[in-house]
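Numbering (our numbering), first residue to last: 15 to 762.
Virtual Cβ for every residue (Gly too), placed ideally from N, Cα, C.
Since the structure comes first, as structure tokens, the remarks are kept for the end.
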Amino acid sequence: MYFYTPFTIINIINKLRVNKIHNQLNNSIKIVVAFLSIVIVVSCSTKKDTFISRNFHSVTTKYNVLYNGNIAFQQGLDQLNSNYEDNYWEVLPIEPLKVDKLAIPGVTKDEDNSPEEFDKAEEKAVKAIQKHSMLILRRERNKQIDDAYLLLGKSRYYSKRFVPSLEAFNYVIINYPTANLINETRIWQSKTHIRLRNEEQAVENLKILLKDKKLNDEIKGRAYTALAMAYEASDSTDLVIKNLKKSIKVNFNEEQKARNLFILGQLYANKKVLDTSTIYFQKIINLKKAPYKYKIHAEIEKAKNVSTLEDKFAAKEALNKLINNPFNKEYLDALYYQLGKIDESVNTESAIKNYKMAIASSKQNNFQKELSFEAIGNIYFDKAQFVTAASYYDSILKITTDDTSKRVFRLKRKRNNLNEVILYEGIAKNNDSILSVTSMSKDEQEAYFNAHIEKLKAAQEKLQNKINTGSALAANNSNAQSTKGSWYFYNNQTVGYGEQEFKRVWGNRTLEDNWRLSDKSRLNMPGVPQKENAIASNAIPNSQKLELSYYLNKIPTTKQQIDSLKTDRDNAYYKLGIIYKEQFNETDLAKEKLEKLLTFVPDTSIELPAKYHLFKLYNQENNPKAEYLKNDILTNYANSNYAKIILNPNEALITDSINLAESEYSLLFYDYKDEKYNEVIVKSEEAIVKYEGDAIIPKLYLLKAYAIGKRDGILAFKQALDFVAINYPNTDEGKKALEVIETIKTKI
């Protein structure tokens, strides 16, 4: 049995007394805290102007509601900036916010694709105002409410709701004239005026603000930038430059400063003041805290400004250094493109190579890809390789998302001009090939096609060897790859990337012979007409393509077939000669086609005009061949209009020619009214050849366009009108065609 000592008993009694006192004290504290809490809550009413109330609502607004609202606003702004894509081939907007339509009540507003974080920021600002505003005796006692209204206005601004945004800024300026952020609010108010197309008011407000000598550098920088925005909206370039220069003299925001410097460089480049432009781009490169996107594009812009061979060499060296930097992978398309631009004046083959590298490097930037396709197309166009040029222009029209831009519209017109070239070049090449085969002996034909069949067999054997090799590798590596998956064709990630890359380059292709050709009708087997070949490539088994009889049976043998091919071939050569002469001013190509036409001994209906056009071409060059052709026409075609024009190019004969052309046009017009559209098209083409050079030609083309429209529909009508508008823009017919085109656009 255990006994407590007297000392132990005394300690236990003391502890019991202390615990009792402690419990009583805790209960008292709890009662006091509860009482004080009730007092504070009651005294913190938004209707009572007390010290506790003011500070309670101010602290709660700042460190709770507005804190979360500002975080949401910054997140939305960061997301907006990351999603915004600048077009560096145009002068950048001072503020990176795309606004297509005004968000005015009653007017269709711009689609709101702004981040949701701005809605959250607006919600927090409204909550701060509704729950913590202390407007007592017409005076706001919570000093954070003006900040809440500013956040409200900015959130609406970036959501492109400019009218309610302006209301928020106006409220601050009217009701909180001594607020800490009043100057910043005035700048936002002016920016909103600019967005609402009220630039004059914005300029007036900002000028008043800038008269304050006590403004800090940040406010000055923002104000000058906003003033430049106002002048940008009113196309006052010199005033934009003036205010941007003032903005960069103060340190207020490194990113906006870099953007302002970049815009200054672009504006001076547009004014052809290249040295000054280069200076501003170099300032961006030297700016330590400038975003890298501005630095890399500043290097590209500097390369655009070079003119001397020495400067071009230095620019190429700088661009190649940037290309070799693995961190610049995102900018390779623009770097290669600019490298191609520099090479274009020196070495077109090197330029084409760099443009192709730019295309291959463009993963998402279709606009950059369009520029590269267009640059290659223009090189081939200048080389008079029109068919190749057209293929690159077609590539642009397949990927462009801006069909309404002037650049794409001009490109479409240029491409449409090439339609006839492509058509007649195809006919000439195809029929030449077929006629060359028909002129061979039986033994020569067999030898020709046997050689072609051997090539097909060799190609198939090579393909089969590749398949066999791949199968063997797959068998040898199957066990290892089942665990590691490192070999190319067993690595799902790599295979997926390969599939995506294949589709990017080739599109969706069916697994079949000649899969590289999206249009199998363009596949021309030797000696096989194009229409027949379409059947051969799609419906004829491979085994038949390796049989000699398949090709021999396709060779035209009747005189009617051969004469038809010859007539089409001769007409194609003649029309090519006229197109190259009249539309593209390619005199060498025109002479080449017309000279070759004459070696075919064509029909007189095109032989005579061919000789006349050759006479005119050689006469312009003072070439002796002109005299030979002149004598030929005067001797063998003495009664023709061409001979009369050569002998007597006077007013009377010209008048007779005009009267004759007008009479023929009138007959065609009556045929059009009688709905004989096919006849109108055929006869107008003949008349165009016959009266080439006369004033009646635009009328004939316009009438032909109307007949095409009646026969083939509105799209064909528009294409035919485009030809008239482009080639005869200063005539009444060209203007009429353009007018009708604009009407058609509203209906398509």
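Which of the three DSSP states is assigned to residue i in this structure?
i, result
"PRO712", "helix"
"GLN158", "coil"
"LEU336", "helix"
"LYS397", "coil"
"THR649", "helix"
"ILE233", "helix"
"VAL105", "coil"
"GLY391", "helix"
"LEU165", "helix"
"VAL113", "coil"
"VAL264", "coil"
"GLY707", "coil"
"ASN430", "helix"
"ASN136", "The question names Asn, yet the displayed sequence has Glu at residue 136. Helix, per DSSP."
"ASP325", "helix"
"ILE410", "helix"
"SER698", "helix"
"LYS750", "helix"
Starting from residue i, trace the alpha helix (DSSP H) both ways and give me its first and last residue.
i, result
"GLN378", "Looking at the DSSP string, GLN378 is not in any alpha helix (DSSP H), and its letter there is neither H nor E."
"GLN296", "288 to 300"
"GLY90", "80 to 97"
"GLN597", "Unbroken run through GLN597: none, as it is neither H nor E."
"ASP202", "The residue asked about is misnamed: residue 202 is Trp in this sequence, not Asp. Residues 196 to 209."
"ASP736", "728 to 741"
"VAL177", "176 to 189"
"LEU449", "433 to 452"
"THR745", "Here THR745 belongs to no alpha helix (DSSP H), and DSSP marks it neither H nor E."
"LEU346", "346 to 358"
"LEU618", "The residue you asked about is not Leu; residue 618 is Thr in the sequence shown. Counting along the chain, the alpha helix (DSSP H) containing THR618 begins and ends at 618 to 634."
"ALA317", "306 to 318"
"VAL217", "213 to 224"
"LYS658", "655 to 661"
"TYR565", "562 to 566"
Starting from the Cα of residue i, find the closest Cα among the options and give me that residue.
i, options, result
"SER204", "TYR171, TYR190, GLN597, ALA240", "ALA240"
"ALA216", "HIS207, GLN634, ALA242, ASP100", "HIS207"
"GLY354", "TYR369, PHE598, VAL360", "TYR369"
"LEU566", "SER455, LEU612, PRO616, PHE598", "SER455"
"ASN197", "ASP100, SER173, TYR238", "TYR238"
"SER250", "PHE276, LEU281, LYS234", "LEU281"
"GLY83", "GLU99, LYS168, TRP103", "LYS168"
"LYS285", "ILE255, ASN445, GLY440", "ILE255"
"ASN11", "PRO107, LEU223, ASP357, LYS112", "Outside the shown range of the chain (15 to 762) lies residue 11, about which nothing can therefore be said."
"GLN597", "LYS303, GLN634, PRO743, ASP100", "PRO743"
"TYR190", "ALA162, ARG211, LYS259, LYS174", "ALA162"
Note down, in chain order, each residue of its chain lying with its Cβ closer than 6 Å to the Cβ of residue i, except the 5 sequence neighbours on either side.
i, result
"ASP688", "none"
"GLY90", "PRO129, GLU131, PHE132"
"THR601", "LEU631"
"TYR294", "LEU275, LEU278, GLY279"
"ILE310", "TYR345"
"ALA86", "GLU131, LYS134, ALA135"
"ILE373", "LYS383, SER386"
"ARG530", "For ARG530, the predicted structure reports a pLDDT of 43, less than 50, and the residue's modelled location is therefore unreliable. A value from the coordinates is still provided. Hits under 6 Å: none found."
"GLU753", "none"
"ASN340", "Per the sequence presented here, residue 340 reads as Pro, with Asn not at that position. No residues qualify anywhere along the chain."
List the whole-angstrom C-beta distance separating residue i from residue j, where the pair is believed to meet the contact cut-off of C-beta under 8 Å.
i, j, result
"LEU166", "VAL140", "7 Å"
"LEU229", "THR199", "Between THR199 and LEU229 the Cβ distance is about 14 Å, and since that is not below 8 Å, they are no contact."
"LEU301", "ALA332", "Not quite, the Cβ-Cβ distance comes to about 18 Å (not below 8 Å), so this is no contact."
"TYR656", "LEU622", "6 Å"
"GLU218", "ALA247", "Not a contact, Cβ separation roughly 14 Å."
"ILE393", "ILE366", "6 Å"
Apart from the five residues just before and just after residue i, which ones in its own chain have a Cβ nearer than 8 Å to its Cβ?
i, result
"HIS627", "GLY591, ILE592, LYS595, ALA604, LEU608, GLU706"
"ALA473", "none"
"GLY727", "none"
"ALA553", "For ALA553, the predicted structure reports a pLDDT of 45, less than 50, and the residue's modelled location is therefore unreliable. The matter cannot be settled from this model."
"GLU676", "ILE710"
"LEU432", "PHE400, VAL401, ALA403, ALA404, TYR407"
Excluding the 5 residues flanking residue i on each side, which residues of the same chain have their C-beta closer than 7 Å to its C-beta?
i, result
"GLU384", "ILE410, ILE413, THR414"
"THR292", "LYS316, ASN319"
"ALA739", "GLY748, ALA751, LEU752, ILE755"
Using a beta-carbon distance below 7 Å, is residue i in contact with chain C?
i, result
"LYS256", "Among the chains in the structure shown there is no chain C, since it carries only a single protein chain."
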